[in-house]
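Asks:
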Amino acid sequence: MSDQPPVPPLPPQQPAATPTPTPAPAPSDGFDRLLRAVPGRDWLAAVLGAVGGWVAAYVVAVVSLLLTVAVAAAGGSGGGSSDLGSSSGIGGGSGVPDVQSLLSGVSVILGAPAQLVVLADLGRLHGSGSIGLLGSGSGSIGVVPAVVLAAQVVLAVVLTRRIRSRVVALPQLLLTSAVSGLVLVALTTLTGLVLAIRFPEVDGATIEPVHGVGLGSMLGSFLIGALSALLARPALLVRGNVLVGRVLGTVRVAASQLVVLVAVVSVVVVVVALVAQPSWGAALPLLVGNAGVVLTALGFLGGIGSGGLGPVNSTATVFGGAGGWTWLVVLLVLVSAFAAGLALAVRRNDRARSTLDWVVTPVVWALGGLVLLVLGTLVVSYRVSGASTVGGSGSVGVTPWTPVVFLLWGAAIEVVARYVAPVLLPRLGGGVLLRTAKLVGTDPQPAPAWAVAGSPAAGAPAAGAPASGAPTTVAPAVGDQAAAQQVAAQQVAAPGAPVADPQATDAAATQAPVDGVWAQAPGVGAPGAPGVGAAGPQPFIGGQATAPAPMSPKARKVLVRSLVAAGVVVVVVVAGAVTTGVLRSNVWGPAPTARSYIEAIARGDADAASRMTEAPSNASMLDAAVLKSASDRPTNVRIGRVSTSGDTAYATVRYQQGGSARTGDITLERTGTSFLVKDEWRVTKPLADRVSITASDVLEGADVTVGGKKVGAIENGAFESLAYPGSYEVEVGGTKYFTGGTKTVKVGASAAPYLSFQPEATKALERDAEQYVSDLIDSCAEKTDIGYGDGCPWYGPYDAQGSVQYTVKSKPELTVESSGSGYVEVKSTKDGQIAYSYKDFFGDAKKGDDTFDVDTYLKVEDGELVSAY
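Heads up: the sequence shown is residues 152 to 1020, going by my numbering.
Structure below.
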């Protein structure tokens, strides 16, 4: 027996049911697999590309600021030396900066470049503050420093291309690009907030930290970071999609043209600024890229202007307001646009083009114009709250309709690529085309029908084998642009010859289909290729392209003469446009009219000035005799900025007057155009100030005379008229008894030209007033009873009973004074003497004498002197 106790039999067990784990949601599994599928080097590329781009932008911003400070300091040096130890330095006169001022200085040094990076990522620099009882305000400014943005994008693209793996699926590519965008958002936002520019506290004033972080900067950072990573290797986006590849090829050609134009124009701007206009130099390190963008937009026949920054909105184009020399930029754009059309054709290498290209090419160039609009526009907004609230917003830079002009240029470039290039390119030679293909790349071509069938069993040739005994080349997979360019180059060098596989060491990679479609090199056509009709691609260089028939001497002569004639026409048209622009700007434009107008004023020729002026009412002092009589007329006249908006122009005038610098503004209106180009302008707002003269009521109706010329009269106590800059002798006449006198008014000075005239007594008034008082004394002497109401200068004896006989022994010496209200006061400077005889209350006869003085007020009424009371 066994030592083990018996074990009762167990019922047969059913197989244990394996618990089914609850599956995670499919999207979660897919996302996890997507994360695990991204190689480590691609994660590293996503992070380092964004970080490296930000660092490059920060360094370029630092260098730009240092150069700006250096150029500004060089331009402003020479006047004296600065005393770093003076009380005006940081921290006052203690010699040791306080902590708050030191921190503020550090925030400016470190924060200003960081804020430039934020601006480059489409942020807006905004700040706010308040000053005591004056109120509070806030404002923002948005401008994209083009050079800083270019440095950020270029280094981000270079690092991403260097580190990223060459084979990565589209989902992984989108994911890592999004990561690059998020990393750049984090860097830009955190550094922009931490390195905000802070100002030290001042009694009664508070200034908040200035930074550019906002929703716009976050979206812009993500967009710039993601697109830089996504387009680092555009071939990865193609993935056998011929349409995507060709669209990206069009983008590459358009971007190349715009980048070259902006770079060349920027270099010219630097040279001109340093040689011809050194005063521009201070702004160049920061804004040279933006200046190049604005001038490039003008060259594309776009416009620049301002809007919302005041009552005047101005626009300038090469046709007016921008200067005739900008037509040289137009010529550069015209040449580059023709070259872009040829380059686009070299990249396509297919005579049979789809109708969709008529949409793609103009849209791509319009997007390029939209990029220039963003880079070439400065946006400003402000709001101030105090006794009243004032605010507004506006912009300066490329006009919003400019991308529409770029759309039309894209259509013209498509015309060159479709109709001119197929005729011209085959005759340029393989070397030129080879070098062009290396620069612009090659578009992927649709796969032939036999490749789509995909198997020898179906009757199609094997991969890489010729279809009918002719040498046929199977290109590398779509997306490997380097290999495709090598194949195209070999075919250009030897049309129709067999081409060696550029990746023979990796047969699998060379022969692998992309999305089930075998890709062909450009120039190799096969019947039945999808998208191009039964004839397949029709290259005009390389592959199956038919060599151009040799030209006969007559045809060659016709071609040469046609090219010469076309060149002459282009030169004549451009020269005519430049000449017309120069004439419209410098001879027939508003500036020459403004200059002639001011020069006429300076030499005292008011008649010539009036022929160019539509003088408003109350402008009687704009007279030749009046202007001739003026001294301190303008000298050293210069015309400053002239802006044109439609048929209205606004000119700033600078001149010297009496040794002082003056500035004025005039407005001109276009009154007509002769021969389509010769404009006629008239001044509607003259270079004149309004002279205001006030006078007393007694001078009502008095003549106003300037330089011997009557210019008006006092009406309702005042006279007004416009007057050119200068000093004028103004005389206000009067009546028999009052005159206004003569005073000098200076027009053009900082103070408003204003005169006030008080009435001055004439000799007739003095004589008649004295006679009035003398007659009053005589009439009083004839009276025998004088009371208070008689107006006599003396009273009778207090104890007289009956009549009193008066005898004037001597009359007082008198003086006459007039007041501003027109009253006349006659006073005695020496008393008179009166003798009298009478009987007193007791009947006794008495005699006596006394002195008296005079203080009488008179007024003029109906031309006569009467008592004022």
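For each residue, glycine too, the CB sits at the ideal point set by N, CA and C.
Treat the numbers as computed from the prediction; the structure is a model and nothing was measured.
1) Any idea if G205 is buried or exposed, counting beta-carbon neighbours within 10 angstroms, 16 or more meaning buried?
2) Three Cβ pairs or more, each shorter than 8 angstroms: is that satisfied between the region 887 to 894 and the region 845 to 860?
3) Just mark V299 as buried or exposed, buried being the case when its beta carbon has 16 or more other beta carbons within 10 Å.
4) Cβ of V515 within 8 angstroms of Cβ of A588?
5) On the three-pair Cβ rule with 8 angstroms, is the region 311 to 322 touching the region 196 to 203?
6) Is it the case that the region 208 to 218 contacts the region 312 to 331, given that we only count it when at least three CB pairs across the two stretches are under 8 angstroms?
7) Beta strand (DSSP E) containing V967: first to last residue?
8) Helix, strand or coil, according to DSSP, for A655 in the structure here?
9) Considering R789, what are the terminal residues of the beta strand (DSSP E) in which it resides?
10) Determine the contact status of A932 and G884, defining contact as a CB-CB distance below 8 angstroms.
11) Alpha carbon to alpha carbon, what distance is there between G755 and W832?
12) Could you pull the start and end residues of the beta strand (DSSP E) that Q922 belongs to?
13) Can you tell me which residues form a DSSP beta bridge with L873?
14) Please state if the CB of S969 and the CB of A912 are separated by a distance shorter than 8 angstroms.
15) May I ask you to report which of helix, strand or coil DSSP gives Y209?
16) Note down, in chain order, each residue of its chain lying with its Cβ closer than 6 angstroms to the Cβ of I358, except the 5 sequence neighbours on either side.
17) Going by beta carbon distance, what residues of the same chain come within less than 7 angstroms of S487, once the five residues before and after it are set aside?
18) Let me confirm a value: L873 is counted as buried when at least 16 other C-beta atoms fall within 10 Å, else exposed. Which label applies?
19) From the DSSP output, which residues share a beta bridge with Q323?
20) Residue range of the alpha helix (DSSP H) that G102 falls in?
21) Based on DSSP bridge pairs, tell me the residues matched to T466.
22) Tell me, please, which residues DSSP counts as bridged to R821.
23) Rounded to whole angstroms, what's the CA-CA distance from R707 to L576? Just pull it up for me.
24) With 16 as the cutoff for other CB atoms within 10 Å, does D774 come out buried or exposed?
25) Cβ of G453 within 8 angstroms of Cβ of T540?
26) Beta strand (DSSP E) containing Y957: first to last residue?
27) On a Cα-Cα basis, can you pick out the residue from K914, K897, L1016 that is closest to L778?
28) According to DSSP, is I749 helix, strand or coil?
29) What does DSSP give as the partner residues of I1034 in its beta bridges?
30) For a quick check, are the C-beta atoms of G274 and G376 less than 8 angstroms apart?
31) For F889, report the span of its beta strand (DSSP E) as first-last.
32) In three-state DSSP terms, what is I314?
33) Would you kindly work out how many angstroms separate the C-alpha atoms of V345 and L335, rounded to a whole number?
34) Take L381 and list the residues in its own chain whose beta-carbon comes closer than 6 angstroms to its own, dropping the five residues that flank it on each side.
35) With a Cβ-Cβ cutoff of 8 angstroms, do P595 and G791 count as a contact?
Replies: Answer, in terms of the structure:
1) Before going further, note that residue 205 is Trp rather than Gly in the sequence given. By the 10 Å Cβ count, W205 comes out buried.
2) Remark: three or more beta-carbon pairs, one from each stretch, lie closer than 8 angstroms, so the region 887 to 894 and the region 845 to 860 are flagged as touching.
3) Buried, because 16 or more other Cβ atoms sit within 10 Å of the Cβ of V299.
4) No.
5) Yes, they touch.
6) The region 312 to 331 vs the region 208 to 218: no contact.
7) Per DSSP, the continuous beta strand (DSSP E) segment holding V967 begins and ends at 964 to 969.
8) Low confidence applies here, because A655 scores a pLDDT of 36, under 50, leaving its location unreliable; read the following figure in that light. A655: coil per DSSP, three-state reduction.
9) In the DSSP assignment, R789 falls within the unbroken beta strand (DSSP E) covering 786 to 796.
10) With respect to G884, A932 sits apart: the two C-beta atoms are not nearer than 8 angstroms.
11) Taking the straight line joining both Cα atoms gives about 21 angstroms.
12) Segment 914 to 932 is the alpha helix (DSSP H) holding Q922; no beta strand (DSSP E) there.
13) According to DSSP, L873 bridges with R841.
14) Contact check for A912 against S969 passes: the beta carbons are separated by less than 8 angstroms.
15) Look at Y209 here: in three-state DSSP terms it is helix.
16) Scanning its chain for C-beta atoms nearer than 6 angstroms, with the 5 sequence neighbours on each side dropped, one finds around I358 the residues G280, F350, in chain order.
17) Taking S487 as the centre and dropping the five residues before and after it, the same chain places the C-beta of Q408, V411, L412 closer than 7 angstroms to its C-beta, in chain order.
18) Counting other Cβ atoms within 10 Å of its Cβ, L873 reaches 16 or more and is therefore classed as buried.
19) By DSSP's assignment, Q323 forms no beta bridge with any residue.
20) Absent from the structure is residue 102, since the part of the chain shown begins at 152 and ends at 1020.
21) Among the bridge pairs identified by DSSP, T466 is matched with G456.
22) For R821, DSSP records a beta bridge to W832.
23) Straight-line Cα distance between these residues: approximately 15 angstroms.
24) Its Cβ being crowded by 16 or more others within 10 Å, D774 is buried.
25) Contact: no.
26) That run of the beta strand (DSSP E) goes 956 to 961.
27) Residue K897 is the option with its Cα nearest to L778.
28) DSSP places I749 in the helix class (H, G or I) of the three-state scheme.
29) An answer regarding residue 1034 cannot be provided, because it is not within the stretch 152 to 1020 covered by the chain.
30) At the C-beta level, G274 and G376 stay beyond 8 angstroms of one another.
31) Residues 889 to 898.
32) Look at I314 here: in three-state DSSP terms it is helix.
33) Distance from the CA of V345 to the CA of L335, rounded to the nearest whole angstrom, comes to 15 angstroms.
34) Hits under 6 angstroms: S328.
35) No, Cβ-Cβ distance for P595 and G791 is not below 8 angstroms.
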